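According to my numbering, the stretch in the sequence shown is residues 27 to 456, in order.
Before any comments, here is the structure.
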Amino acid sequence: MYPDDGGWTSALTHLECGRCAERYDADAPQNVCHCGSPLLVRYDLDRVRASVRPEDIASRGADLWRYRELLPVRDPANVITLGEGWTPILPLTRYGRRIGVPGLLAKDEGMLPTGSFKARGAAVGVSRAHELGVRQLTLPTNGNAGAAWATYASRAGMECLVVMPEDAPQVTRKESLAAGARVYTVDGLIGDAGRIAGQAVRDGWFSAATLREPYRIEGKKTMGLEIAEQFGWRVPDVVVYPTGGGVGLIGIRKALDELTALGWITGRLPRFVAVQSTGCAPIVRAFESGAETAEPWPADQARTVAFGINVAAALGDFLILSALRDSKGTAIAVDDQDILEEQVACAADDGVLMCPEGAATLAAVRRLRTDGWLAGDEEVLVLNTGSALKYADTLQVDQPTRLGRDADLPPEATSTAETTGTVRGRRTPR
């Protein structure tokens, strides 16, 4: 339950297909449109405009529920929360200057409950499902979403069934089990996990799979609402996002569209950049070819150290591509080795240790600056979507120097040469 100050209201009106615009009742559990496309939540923005101003929000709690008018939960008694939201935006001063983007910033979603941005979608998705009477939910996952939905389902007193590839990060499997979920692993990709989770749906469990229920987007949307507020009700020049299923990118775009319609932000919206791995890049391939949808990446070729973006086929591909093209953005694929190098370089320069998916955005920014797509004076925001501690075994760093119990420090240990760390055996100058 969320504290009710007497002013709780949601301007939720209905659901609408993102492709054919057919309307659906928002007060009954829904999955996808009859055409197979995701449903989007719609609000009475005139009502929001008349009832709340940006300065009113500033006095509310520092969590994602501060944007309650633009969220779908009607009664605060149904809010399932662990204090999620309001993650920091951190300047990457030294790293940004070194790669030619001194205005580089990172929104660090690794600070959220369960250690990833998936907590946003789970908080809103589980809250709304609880409000609509859902008591059993299932989803396929590459790891973090399963951990988040299992955790929030546990807090709501709901049952959760999770199916994940067997090579998903071990910690996410353990998180899901610790939260009481029924966890199954499959020798395959997330698409294979989806097929198995679909069997539970046929047995009456509610599908919380990516974009197969409408409220995960609303949770992810709060990243965009926070970005605008944290920037003083404006936006950066460029937003760079690691893209698998693409819900976060779709959600940020939806948030900024709603804020523009409200008149809370004005002017040009940011250019969006979707970042994928060269090992699984269906969105990049579709963007470069001019296609409106993405052909699935061959399942036997889909592999990357950035496991969260190892998504061979995204249900919302057309929404992702629309966001990129409408904003005059781009899509870019980066190599795994570049991801791993930038992960440690950023930590060494600025103390921000990103998950591999977040580090993929750094590799992309470096390339885009080198290629001239980014200008040196632009304000660029990257999204770090999770804690690197959940992927500790991917870090490519030297082993510590082992000393005997009675040993002294070697002379070089306290030398005055300024360094920021070790990246794959080489020192990186400050």
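Just so you know, even glycine gets a beta-carbon here, dropped at the ideal spot from N, CA and C.
Owing to the predicted nature of the structure, the values given are computational and were not obtained by experimental measurement.
Worksheet item: Any idea what DSSP makes of Phe298, helix, strand or coil?
Response: strand
Discussion item. Assuming Thr411 and Gly384 are in contact, meaning their beta carbons sit under 8 Å apart, how far apart are those beta carbons, in whole angstroms?
Written reply: 6 Å
Worksheet item: Just checking my contact of Ile309 with Asp343 at CB under 8 Å: how many whole Å lie between their CB atoms?
Response: 6 Å
Worksheet item: Which term fits His156, buried or exposed, when burial requires 16 or more other beta carbons within 10 angstroms of its beta carbon?
Response: buried
Discussion item. Since Ser303 and Asn57 should fall inside the 8 Å C-beta cutoff, what is the C-beta to C-beta distance between them, to a whole number of angstroms?
Written reply: 29 Å between Cβ atoms; not a contact.
Practice prompt. Find the nearest neighbour of Arg124 within the set Ser441, Arg392, Ala414, Gly220, judged by alpha-carbon distance.
Written response: Arg392
Practice prompt. Name the one or two DSSP bridge partners that Tyr69 has.
Written response: Leu38
Worksheet entry | Proximity of His285 and Ile291 at Cβ, strictly below 8 Å | One point to set straight first is that residue 285 is Leu, not His, in the sequence displayed. In this structure, Ile291 lies closer than 8 Å to Leu285 by Cβ.
Worksheet item: Which residues bound the alpha helix (DSSP H) around Cys186?
Response: Per DSSP, Cys186 belongs to no alpha helix (DSSP H); it is in the beta strand (DSSP E), 185 to 191.
Worksheet item: Can you tell me whether Glu314 is buried or exposed, with buried defined as 16 or more other CB within 10 angstroms of its CB?
Response: exposed
Item to complete: Evaluate Thr319 with the Cβ neighbour count: other Cβ atoms within 10 Å of its Cβ, from every protein chain shown; 16 or more gives buried, anything less gives exposed.
Response: exposed
Practice prompt. Compute the Euclidean distance between the alpha carbons of Glu405 and Thr119, then round it to the nearest angstrom.
Written response: 12 Å
Fill in: Close Cβ partners of Gly217 (< 7 Å) along its chain, the five nearest in sequence each way excluded
Ala325, Ala338, Ala339
Discussion item. Bridge partners for Leu158 per DSSP, in chain order?
Written reply: Bridge partners of Leu158: none, in fact.
Worksheet item: Do Trp34 and Arg94 come within 8 Å of each other at the CB atom, strictly closer than that value?
Response: yes
Discussion item. Would Gly214 and Met190 qualify as a contact pair, given that the criterion is a beta-carbon distance under 8 Å?
Written reply: no
Fill in: Residue of Ser77, Arg92, Ala76 minimising C-alpha distance to Ile83
Arg92
Item to complete: Spell out a yes or no on whether the segment 345 to 364 and the segment 292 to 302 are touching, meaning 3 or more CB-CB pairs, one atom from each, closer than 8 Å.
Response: yes
Item to complete: Specify, as a first and last residue, the run of the beta strand (DSSP E) that Pro268 falls within.
Response: 264 to 268
Worksheet item: Would the beta-carbon of Leu379 be found less than 7 Å away from any heavy atom of the ligand ADP?
Response: For the ligand ADP, the structure offers nothing, since it holds no ligand at all.
Fill in: Which listed residue (Ser63, Tyr69, Trp112) has its alpha carbon closest to that of Arg86
Trp112
Item to complete: My understanding is that Thr330 touches Asp362, with C-beta atoms under 8 Å, so please give their C-beta distance in whole angstroms.
Response: 6 Å
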